[in-house]
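As C-alpha cells, this is what we get:
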C-alpha cells in the first residue's frame, strides 16, 4: 500500500535501486523540508510544539554530537534547532535531524519511539495504532507515541533479539525528511494521530531487564548514586552479570583480548600513562560491550580491587560517568552474539577481530557492496602479518559467514560465491580497536 509520501512524491520519476521508494532520486530538498514540516505539525497538534532537533553528521545517520561531546555540553546546545529553523535547513540542503525521546530540555517529555528493525519479528501493527515513519533504509519503521509513564528504554532480547528497541529517554530517532546513508529518505507512512503506549502493549522481550542500561550509549549517562556502588556483595560474581543483550563478562572476555587484559592486571604491559587511565579504559570497554554503569561499578571493584576503587566512591563514580561522556560506540547485539558463539565453536578463539571487520567493511564499500572472497582479498586492505593469501581468504570467508548468520550480508552461489551487503555497510562498528 503506498504511503502518504509515496502518493505526494512522484516515485516513478526516475529508476533507481533504492529499497526505499522515497529517495534522493525523486525527492527535492524542498519536498524533504515538507516531510519534516508535516511530522513536526503532527507533534504540535499532540502538544509537542517547542521541540528542539539535533542535526545529523554530514555522512551518516548519527547526531552531530557523536564523537565530540555529550548532550549537556554547551556546544551541543548551540547545535539544537527549533522546528522552523530545522525545516529551513533541510530545504537549504541539510542532510537531516534527529529527535531525542523523553528529554524535557528538548521539549520531548513523555515522547517515546518504538524502533522496528525486523518487522518479521516485531511488526508495527502489534502495538497501538499511531504515527508511523518508514526508515531511510526502507527496511524498518519508527512509531511515535505518548508515554503513559510506565515505558522505559529497552532492546529486544530472547526470541525478539534484533527485532528493535523502545526509545523512551535520551535516545534518538532520525526525523522524516532526513537522508539515510543508502540514499533513502525517512518519511511518514500514516498519521492517525499520536497514540499512547503502555508497558502492557510491549512484548516482555522488549521490556527492560534488571540492571539494563537506561540508554547511556545513546545520550547522557545515567547518573550513579552513592548507594549504587558502596555495598558490593561478598558473593558478587562478575561473570554472572549480563549486558543489555544477555552476554556475560566472561563471554565478552573470550572475544575481547583487550578487555580480558584490563580485567586481569592494573596496567597491562604499561600501555597507559597511569593506572587511572587504565581504569577509564576498562570502563570504556565494558560500555562498548553493553554493560550498565551500575554493573560496571561492581565489576570494577571485583576485578580491579585497587584501594582507590575500594575506598573512593567519588573516584569510581567520576571515572564511570566521565568515561560515559566520551565516544562510546557499543557492539551491535546481533554482531556480539555471533562473535561470541563463533568463538566458542572455534575452541574459544575469536573467528575475527574488530580490525578485520573495519577493513572488510571498507573493502565491501569500495567494491560496491558485492564481492567474492577473492576480490575482497585482492583489494589489498585485508592483510595478516606474513600470512599466505589462502590463509587470508579462509579468515575472510569465516568472518563473512558469521556476518551472514547475524543478518548483515547474504551469499549467492553463482559458480563462485558472491557476498552482498545486507546492512553491513551501515553498521556502526565499535570505536575501540584491538577489542
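Numbering (this note's numbering), first residue to last: 13 to 447. Beta carbons: idealized from backbone N, C-alpha and C, even for Gly.
Coil, strand or helix - residue i by DSSP
i	result
residue 38	coil
residue 299	helix
residue 357	helix
residue 273	helix
residue 155	strand
residue 364	coil
residue 349	helix
residue 83	coil
residue 92	coil
residue 170	helix
residue 31	coil
residue 430	strand
residue 48	helix
residue 213	helix
residue 438	helix
residue 337	coil
residue 382	strand
residue 135	coil
residue 423	strand
residue 185	strand
residue 164	coil
residue 142	coil
residue 294	helix
residue 266	helix
residue 192	coil
Through-space distance from residue j to residue i, alpha-carbon basis
i	j	result
residue 219	residue 175	12 Å
residue 152	residue 346	16 Å
residue 314	residue 85	32 Å
residue 141	residue 409	43 Å
residue 105	residue 40	9 Å
residue 449	residue 323	The structure shown does not extend to residue 449, since the chain spans only 13 to 447, so no value can be given for it.
residue 418	residue 299	21 Å
residue 37	residue 52	24 Å
residue 335	residue 344	19 Å
residue 291	residue 274	8 Å
residue 437	residue 146	19 Å
residue 155	residue 301	27 Å
residue 407	residue 376	15 Å
residue 348	residue 216	22 Å
residue 361	residue 83	38 Å
residue 194	residue 338	28 Å
Neighbourhood of residue i by C-beta distance below 7 Å, restricted to the same chain and skipping five residues each side
i	result
residue 378	391
residue 434	419, 420, 421, 422
residue 416	422, 423
residue 187	48, 51, 65, 108, 109, 110, 111, 198
residue 167	177, 256, 257, 345
Assigned exposure category for residue i - 16 Cβ within 10 Å defines buried
i	result
residue 189	buried
residue 114	buried
residue 277	exposed
residue 429	exposed
residue 426	exposed
residue 358	exposed
residue 319	exposed
residue 283	exposed
residue 356	exposed
residue 171	exposed
residue 402	exposed
residue 330	exposed
residue 97	exposed
residue 116	exposed
residue 29	exposed
residue 212	exposed
Close beta carbons around residue i, own chain, < 8 Å, minus the five adjacent residues each side
i	result
residue 405	385, 386, 389
residue 239	Bear in mind that a pLDDT of 40 at residue 239, under 50, signals an unreliable position, so the model cannot answer this.
residue 158	58, 122, 123, 124, 206, 207, 208, 209
residue 414	350, 351, 354, 363, 364
residue 311	250, 253, 261, 275, 298, 303
residue 60	119, 120, 123
residue 138	215
residue 411	363, 364, 368, 369, 372
Any non-hydrogen atom of the ligand ZN closer than 8 Å to residue i Cβ
i	result
residue 341	Looking for the ligand ZN in the displayed structure turns up nothing, as the structure carries no ligands at all.
Cβ shell of residue i (< 6 Å), same chain only, five flanking positions each side left out
i	result
residue 286	none
residue 143	54, 156, 203, 206
The segment 429-445 / the segment 361-379 touching (three or more Cβ pairs under 8 Å): Yes: the two stretches touch, three or more of their Cβ pairs being nearer than 8 Å.
Three CB pairs or more closer than 8 Å across the segment 175-192 and the segment 124-141: Judged by Cβ distances under 8 Å, the segment 175-192 makes contact with the segment 124-141, as three or more pairs qualify.
Validate contact between the segment 251-260 and the segment 288-297 using beta carbons, cut 8 Å, 3 pairs: Short answer: they don't touch.
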